[in-house]
Every structure is written in C-alpha cells, then in structure tokens.
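Participant: Under the numbering used here, residue 503 is the last one in the sequence shown; the count climbs by one each step, no gaps. Note that CB positions come from ideal geometry on N, CA and C, so glycine has one too. Because the structure is a prediction, the values reported are computed rather than measured. I'd like to ask you about the structure that follows.
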Amino acid sequence: MSSDTKECDYLVLGIGSGGIASGRRAAKHGAKVIAIESSRYGGTCVNVGCVPKKVTWNAAAIAETFKDAPAYGFQVGGVPDFDWPYFKKKRDDYVKRLNGIYENNLNKDEIEHFRGRAKFVAKDEVEVALNDGGVQRIKAKHILIATGGRPVIPDIPGKELCINSDGFFDLEKQPKSIATSGAGYIGVEMTGMLHALGTKTHFFIRGDKLLRSFDPMIQDTVTQEYERQGINLYKGTQITKVEDIGHGLKRVTYQETETKRESTVEVEEVLFATGRVPEIEDLKIADFGIKLNEKNHIVTDEYQNTSIPNIYAIGDVCDRGFELTPVAIASGRRLSDRLFNNQPDAHLEYENIPSVVFAHPEIGSIGLTEPEARKKYGDKIKIYKTQFTAMYFAMMEPSEKQPTAYKIICAGDDEKVVGLHILGQGSSEILQGFGVAIKMGATKKDFDNCVVRAILTFLSCAIVRPLLHMPQYLAYSDHETALLRFKDGGSIRIFILMHIDAY
C-alpha cells in the first residue's frame, strides 16, 4: 500500500441521495467515511431528476391553472407568455443551492470527499482520477457503490442531434415543437410538462399504451387523457432517423412497427427517454468478478450485499428494480445501521413501496397491479374501482374535465388490500397515507370503519369510501386534513394524520 493511500471504515462511491444518506448515517455511528463524486453533488435526483422535474411540473401546473381560470369567472385573457430562460435560471440557481447544502452536510459530519472518477484496483481499494488533476488511492473496510445510472439514446442515424432526459434540463429556450420517445414515467412526465407549457408535442411509443409497467387502469386512462389533451400520440411506432434540415428544424423519420411504413415529422427538438443504464463501466469492478444481471445492474441480496464480501450496492446501480430516490435513501441508511450500529437484521423491505408519476394528471401506485395479483392469488381477489369527475372540474365544460380514477385490489377472505392505484389531481399527496395503511396490512373492513374529513378539492379518503361501497359514510368539510385510521391489534386507532395540499 502506497504511503499516500488513505484508509477508512466506509468508502462511498457516488454522492447522490442514497450515497450521502448512507455515508452520513455511518458517520453518525462513528465510522470514518470518505466519499467520491465525479460530477455535481446530489446525483440524479437533485441535478437532473426529482428536483428540477418537480419545479418544472409546478410551472406546467400553473399554466394549466390559467387555462382553467375562465371557468371560475376569471378573465385572464389566455395563458400568459412563459419566460423559459428566466425560469431555467431560477431553477438552476435552486439546484446549485442544493449542491452546496450537500457539500456542507458532508463537512458538518466530517466526511472527507473528493471529486473524481474511481476505479477498483483491488477488492478493498480504489484509485481516484481527481477532476483537478492527480490521483488518490483509498483503501476501505467496506465499500458502497451508489453511482446511479445514466440515460441512453438508441443507436440510430442522427442520434447526436437528439437529447436525453438529462439534456432536457439544459435547454436554453423552450422548443416550439418536440418529438419525444419513451412510454415510461420519464417520457410521460416530460411530454406532459412540455405540452402544458405550450410546446407542440409528438409522442412516439412502441406499444399502444403509456406506462406499461403500471396497472391497466392507469395505462388506459392516462393514454386516453393525453390524447384528449391534444398530445400527438404515435402508437406502435419508433423513431429510426433524425436529420438536421436547417432553420432550427430536425426531420424525424419514424416507422410503424407492424407495417414497417415510414413517415416523417419536423420539429425543433428530439428527446429520448427510452431507458437508463447503470453507471459502472469506469469502476472496473467487473474485472474482480462482481455478479451482474442481464442489464448490467449489480446483483444484490436483501441486505444490499454484492457477490464480493464487504462491497455493497444501492439505488439505480443495483438490481432491486426501484429507481426511486426514497428507496435509495432508506436502503442506504439501513445498510449503515447494519454495518456500524450493531443492527444485524437492518434492511429495507422492498414490498409495497409507493411510487408517483407527475403526469397530467398525477398518478399514484402501491402494491400489486391487477395482473400481478391474479398471478399471485388466482381467483381469490376482488377489484373495486371507479372513475368520476373531481369537484375542481365541476365548473368546466365536459371536454375540459380531467378524469379521476381509483382502483383497490383486495385478496383473500379478509380482503386484505394488496394494491392501490389512483389517478387524478393531488394523487401524489393522497397516496402517502394509504401507503402506510397498506404497509401495515389494512383490509377492506378497516377502510369500512374509516371516519374521515373530506377535502373538498380531492375528497381524499371520502373518494375511497363509496368506491368500497361503505354504507356508514361520515364526512366533514375541511380544507386542511384527512384522517386515516384502521384496525390495529383488534382496536380501531387513528394511525396517521395526512395533510393534503389543496391547490
């Protein structure tokens, strides 16, 4: 070992949300921690994911509010002009503040940190090519790989003319028109935001529905809604070529999957949101025999152990199947509790993890989809679902009303709730309380016994009561809170106070 090699208890590769959460928890337990990051602190979530996306979604939601305002008597004269450069600067400044907060938190917890790209030179040692020049070697008792993932663009002619989901946040001006590709949540979110802000959108998907990994009710409803809103949805197609034709325009050639017939459309920008791959190539960890799955994600067990002792992986880089910031944070903290705080059984349970999609309208989901439930439980399931118009849209013309859809999947004789899928205004907030209930094993009967306060905008739990045919309905007009309660140990207890932001 070289004399300038640093040693530590815990080496964290990647200072994203999961990496910093695990590193800080380990430091609080007394471990000596060193962290490495090749780019901006905060990882995908802070820089090109959750944070700038939600800020942009907020802007899109405000634009939609202007469109809705005349129905409530406001003479606003249409949607005001949107100053994209001003908005981008404000958004970038906010992200930079968060970068600084991450760095300050590392310093506060006395975590030494370096900017550079690491590669393994032994199973317990890495070499870091520092961004400002030079090399630093670090040897550790435990090493966490939390390097995340990166978006990819298909290898087609003209791919250099396209942007990926990261590049979306680098756009200096709002495109007047755009072609987007990718039916997953990233493509759905970005297409919806751009459309709401006034960009003419051409949305290309290989299948005939959006969000194919979600429950069929969500797939059907959001696909129909995007078409109703005026998004140009090209089903059963894929982009095969992009050409620069001058005057700020690109010609997109697309092919119909079944007929192989080709057509073109001209747009200012082309955005691919067709997938992400784990960021592991530079690590050279495969040279030491670490086990990878068919998509090059690091294989881990329930305790985040890899196939190499004392090397762990969390977040988008591992194979657990949840590319969600809260999952990376929770799994990272539990890992540090296990390694450095004498909690040998600490680990994240990956069942019933809620997820939301900031589409237009919002989507929330937890637990099994209907096909998954039927595969697991056979005929021993019951489905309760409804679709209606939320009170917010009561003042609008039928053609202007967004749908609200709810579905609950119950299994067994006791009708345990094993899946909940919601779509509509406020779904991202409403889901949180139900997530706790389902995680704790709530049944339909527990929901039957729920006495709630109804949020006039969303109706919250009160929506689910008629959905489940609950006869004893008691609601109060209150604009701030909803109470969720369910049976715990034979008695009814109020378990969570769920705050709903009423727009």
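What's the C-alpha gap between Ser-165 and Val-48?
Facilitator: 8 Å
Participant: Enumerate in chain order the residues of its own chain whose CB-to-CB distance from Met-470 is below 6 Å, with the five nearest sequence positions on each side excluded.
Facilitator: For Met-470, the pLDDT reaches just 33, beneath the cut-off of 50, and the residue's location in the model is therefore unreliable, although a value from the coordinates is still provided. Cβ-Cβ distances below 6 Å link Met-470 to Asp-448 in the same chain, with the five nearest sequence neighbours on each side left out; the list follows chain order.
Participant: Should Met-217 go down as buried or exposed, given a rule of 16 or more other Cβ atoms within 10 Å for buried?
Facilitator: Buried, since its Cβ has 16 or more Cβ neighbours within 10 Å.
Participant: As a quick exercise: from Asp-244, Ser-22, Glu-7 and Tyr-94, pick the residue whose alpha carbon is nearest that of Gly-158.
Facilitator: Asp-244
Participant: Is the distance from the Cβ of Gly-116 to the Cβ of Ser-38 below 8 Å?
Facilitator: yes
Participant: Tell me whether the beta-carbon of Asp-210 lies closer than 8 Å to the beta-carbon of Thr-199.
Facilitator: Residue identity check: residue 210 is Leu in the sequence provided, not Asp. Contact: no.
Participant: Measure the Cβ-Cβ separation of Phe-120 and Val-128 and say whether it is below 8 Å.
Facilitator: no
Participant: Just checking my contact of Leu-171 with Val-12 at CB under 8 Å: how many whole Å lie between their CB atoms?
Facilitator: Not confirmed; about 32 Å, so no contact.
Participant: State the start and end residues of the unbroken beta strand (DSSP E) segment that holds Lys-200.
Facilitator: 200-204
Participant: Tell whether a beta-carbon distance below 8 Å holds between Glu-269 and Ile-178.
Facilitator: yes
Participant: Can you check whether the CB of Gly-16 is closer than 8 Å to the CB of Phe-340?
Facilitator: no
Participant: Report buried or exposed for His-247, applying the criterion of at least 16 other Cβ atoms within 10 angstroms of its Cβ.
Facilitator: With fewer than 16 other Cβ atoms within 10 Å, it is exposed.
Participant: Helix, strand or coil, according to DSSP, for Lys-261 in the structure here?
Facilitator: Correcting the residue identity first, residue 261 is Arg in this sequence and not Lys. Of the three classes helix, strand and coil, the one that applies to Arg-261 here is coil, per DSSP.
Participant: Would the beta-carbon of Ile-163 fall within 8 Å of that of Thr-191?
Facilitator: Cβ atoms of Ile-163 and Thr-191: not closer than 8 Å.
Participant: Let me check understanding here. Comparing Cα to Cα, which of Leu-292, Gly-419 and Phe-272 lies closest to Glu-281?
Facilitator: Leu-292
Participant: Using only the alpha-carbon positions, how far apart do Glu-110 and Gly-100 sit?
Facilitator: The alpha-carbon atoms of Glu-110 and Gly-100 are separated by roughly 15 Å.
Participant: State the beta-bridge partners of Asp-316 as determined by DSSP.
Facilitator: None, per the DSSP bridge assignment.
Participant: Below 6 Å CB to CB, which residues in the same chain sit around Thr-404 once its five sequence neighbours on both sides are set aside?
Facilitator: Phe-388, Ala-390 and Gly-424
Participant: Does DSSP put Tyr-384 in a helix, a strand or coil?
Facilitator: strand
Participant: Could you give the first and the last residue of the continuous alpha helix (DSSP H) run that contains Tyr-226?
Facilitator: 216-229
Participant: In the structure shown, what three-state DSSP assignment does Phe-288 receive?
Facilitator: Looking at Phe-288 - three-state DSSP - the assignment turns out to be helix.
Participant: Along the beta strand (DSSP E) that carries Asn-232, what are the first and last residues, could you check?
Facilitator: 232-234
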